[in-house]
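Report on the following structure.
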Amino acid sequence: MRAHPGHGRNAARAAGAQGFVLVGVVMFVLALTILGLSLYAISGYEGQFLTDTQAEEQALFRAEGGMALAQTLLEVQPYRLDQTHFAEGYEGIVRATAIQERTAGVYDSVNVLDWSKNVVLRVSTRVGNQTKVVQQEFAPQQRYSPYRRLFTARLIEYTSRDGSNRSRANSTHLNGPRQAVWQYIRNASDTSWVRDVYWDSGRPMLTVETPSPDLANYFASNSAAAVTAPYDTTSGEHKLIMDAGSDAATAYFRSPTKTRSAMMTAAGHCYDFYCTSELEVHVRGTCVWMVPAGVRFDNRVTFKRASGANTNPTLVIVTGPNGVDMNYGDYRDVALWFFDQGVRVDNNVRVIIVSTGHVRLEVAEQAGGGGGGGAARPGGMDPPGGGGGSYEFTLPFLNIFADHITMMGPRQQDGDMNLSYSSTMDALVDDLVARGVLPVATGQSAGGFTPVADSWRTP
């Protein structure tokens with residue numbers, strides 16, 4: 001049988017076609033496999049990308065929330081810049097910092113907030129692998145300090161005529177920075193005392209509602225640390241020693257036992273501490289004298305450095321009302337009373353008086369002046385032969401934060417009363433507030449922070 005040449009060629013072609021189809025199928029399957037693997041890899045990347053995007057958004061939202069939390073923390077006494085760190089660890093907040101420029105090129109993130117200067121808040125958060133940092137500058141809304149001024153009181157009065165109807169007007173001088181006096185004014189008559197004094201510097205008056213010092217919690221927190229102040233009367237001179245141990249130290253004291261002669265007077269039982277003799281108060285460091293139920297001085301008081309003091313000391317007198325109504329309501333709830341003979345300060349002792357009661361600064365002129373003695377009688381009445389002399393009542397570094405303040409200077413021809421607050425005390429009182437040495441002021445309206453335009457940053 002004869003072979004046909006075309007049959008072999010057709011068979012070869014058929015076999016080649018089958019091989020091409022097989023290779024094509026393999027290549028197609030391989031391509032699909034590669035595509036599937038690629039899509040699988042891309043899906044993981046897209047999933048991670050989606051997760052990271054969500055984490056980044058959450059980190060941003062939490063940083064914005066952290067910014068609001070930092071502002072709230074700064075509105076809590078004692079208003080320290082480092083209070084923002086309390087936000088750390090909450091809702092992914094890694095770091096929360098408040099920064100203020102104190103002077104040119106000098107920045108602070110630790111001490112008490114200066115409400116007169118802008119503050120920069122910076123918050124860093126972490127969610128998953130994503131971190132976010134936001135920063136913004138804010139202008140603090142004004143918050144008033146009861147300690148950065150001469151007087152803060154709900155009620156202020158001046159006794160222009162004493163019990164003998166003698167004029168006591170225009171013998172008292174007040175000095176301080178702007179708004180040196182903070183008194184809550186409801187009626188025009190609330191400021192009638194101003195006409196009887198020389199207010200040499202520190203106007204105008206701040207007239208918004210005043211806060212009150214929280215003495216209850218203050219006494220509860222610090223009474224256990226208080227020691228009895230040494231009271232030396234052996235030489236015939238009366239010396240009250242308040243020594244913190246060093247210029248930089250802080251110590252708390254309670255009143256010593258009253259002398260027998262003080263206890264024999266009609267007013268002796270009305271106060272935690274009562275002194276009818278000339279008294280020297282020796283101070284070193286920062287000393288807090290806690291007097292829950294009032295203190296009264298019937299003779300001249302001199303504040304001076306204690307032995308070993310090399311810098312100007314600070315005496316803080318924290319006193320509650322005595323809870324007594326003397327003389328049919330004329331002398332109710334007295335917390336501190338400089339009754340007669342005046343006050344002197346040596347060596348620039350700073351005196352801060354904090355009370356929920358009535359603080360009375362008076363020169364009764366009962367004993368002839370010049371620091372003489374005499375039987376004290378409330379109301380400014382002179383005993384026979386009383387009055388006249390030379391009186392000095394000077395407190396050059398003074399702050400009083402109380403419910404009620406009454407002043408009565410000597411007669412003009414007999415001397416004067418000089419009461420001053422110096423702005424050099426601002427840093428001191430801020431530090432004392434921050435360390436809890438001064439009582440917390442309650443009843444203040446909350447402050448706030450206004451964002452500065454174009455200051456938002458995500459560095």
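So that you can map any letter, position 111 of the sequence shown is 111 in UniProt numbering, and since no number is skipped, the others follow by simple counting. For each residue, glycine too, the CB sits at the ideal point set by N, CA and C.
Buried versus exposed, by CB contacts within 10 Å (16 or more), residue i
i, result
"Asn67", "According to the sequence displayed, residue 67 carries Met and not Asn. Buried."
"Arg161", "exposed"
"Thr84", "buried"
"Gly163", "exposed"
"Ala267", "buried"
"Phe273", "buried"
"Lys258", "buried"
"Leu22", "exposed"
"His358", "buried"
"Met264", "exposed"
"Ile156", "buried"
"Asn187", "exposed"
"Phe28", "exposed"
"Thr450", "exposed"
"Asp454", "exposed"
"Met407", "buried"
"Gly443", "exposed"
"Tyr218", "buried"
"Leu30", "exposed"
"Ile93", "buried"
Rounded distance between the beta-carbons of residue j and residue i, thought under 8 Å
i, j, result
"Asn170", "Tyr198", "6 Å"
"Phe151", "Ile405", "6 Å"
"Trp182", "Tyr158", "That belief does not hold up - the Cβ atoms of Trp182 and Tyr158 are roughly 17 Å apart, past 8 Å."
"Ser167", "Arg411", "7 Å"
"Val349", "Pro313", "6 Å"
"Val301", "Phe338", "7 Å"
"Leu438", "Val354", "7 Å"
"Val119", "Gln100", "5 Å"
Under the three-state DSSP convention, the category residue i falls into
i, result
"Gly415", "strand"
"Gly77", "The amino acid at residue 77 is misidentified as Gly; the sequence shows Gln. Note: Gln77 maps to coil in three-state DSSP."
"Val343", "strand"
"Ser221", "helix"
"Asp325", "strand"
"Leu60", "helix"
"residue 463", "The question about residue 463 has no answer here: the residues shown for the chain are numbered 1 through 459."
"Asp214", "coil"
"Leu432", "helix"
"residue 500", "This structure cannot speak to residue 500, because the chain is shown only from 1 to 459."
"Thr84", "helix"
"Gln100", "strand"
"Asp403", "strand"
"Thr53", "helix"
"Ala68", "helix"
"Val29", "helix"
"Ser124", "strand"
"Thr424", "helix"
"Val197", "coil"
"residue 460", "Shown here, the chain extends from 1 to 459; a query on residue 460 therefore has no answer."
Best match in the options for proximity to residue i [C-alpha to C-alpha]
i, options, result
"Phe303", "Gln71, His238, Gly320, Phe86", "His238"
"Pro177", "Phe401, Arg149, Val281", "Arg149"
"Ala220", "Asp298, Asp190, Tyr252, Thr233", "Tyr252"
"Trp193", "Leu69, Val429, His173", "His173"
"Val334", "Asn310, Ala262, Arg296", "Arg296"
"Leu419", "Gly323, Arg411, Leu395", "Leu395"
"Val440", "Thr228, Asn222, Ala244", "Asn222"
"Arg341", "Thr314, Gly415, Trp289, Val227", "A small fix is needed here, since residue 341 is Gln in this sequence, not Arg. Comparing Cα positions, the closest option is Gly415."
"Tyr79", "Ala87, Ser390, Val112", "Val112"
"Thr207", "Lys117, Asp190, Ser201, Asn217", "Asp190"
"Gly409", "Met205, Val227, Tyr391, Leu432", "Tyr391"
"Asp298", "Glu365, Arg332, Thr234", "Glu365"
"Thr97", "Asp426, Ala104, Thr72, Ala225", "Thr72"
"Ser255", "Gly436, Ala293, Glu278", "Ala293"
"Val318", "Met290, Asp325, Thr311, Val324", "Met290"
"Val363", "Leu69, Gly92, Gln413, Met417", "Met417"
"Tyr90", "Thr234, Thr424, Val127, Ser201", "Val127"
"Ala309", "Tyr331, Gly245, Arg260, Val288", "Gly245"
"Arg154", "Thr210, Arg260, Asp431", "Thr210"
Residues near residue i in its chain [Cβ-Cβ closer than 6 Å; skip 5 each side]
i, result
"Glu63", "Inspection of the sequence shows that residue 63 is occupied by Ala rather than by Glu. The answer, listed in chain order, is Val123, Thr125, Lys132, Val134."
"Ile352", "Val316, Asn399"
"Val281", "Leu240, Phe303"
"Asp243", "Arg284, Ala306"
"Cys270", "Asn322, Val324"
"Asp232", "Lys239"
"Ser423", "Pro177"
Same chain, Cβ closer than 8 Å to residue i, five either side skipped, listed in chain order
i, result
"Thr356", "Ser212, Pro213, Leu215, Gly320, Pro321, Ala335, Ala402, Asp403"
"residue 470", "The question about residue 470 has no answer here: the residues shown for the chain are numbered 1 through 459."
"Asp426", "Arg148"
Contact set for residue i: own chain, Cβ-Cβ below 7 Å, skip 5 residues either direction
i, result
"Gln130", "Asp52, Ala55, Glu56, Ala59"
"Ala262", "Gly268, Tyr274, Cys275, Thr276"
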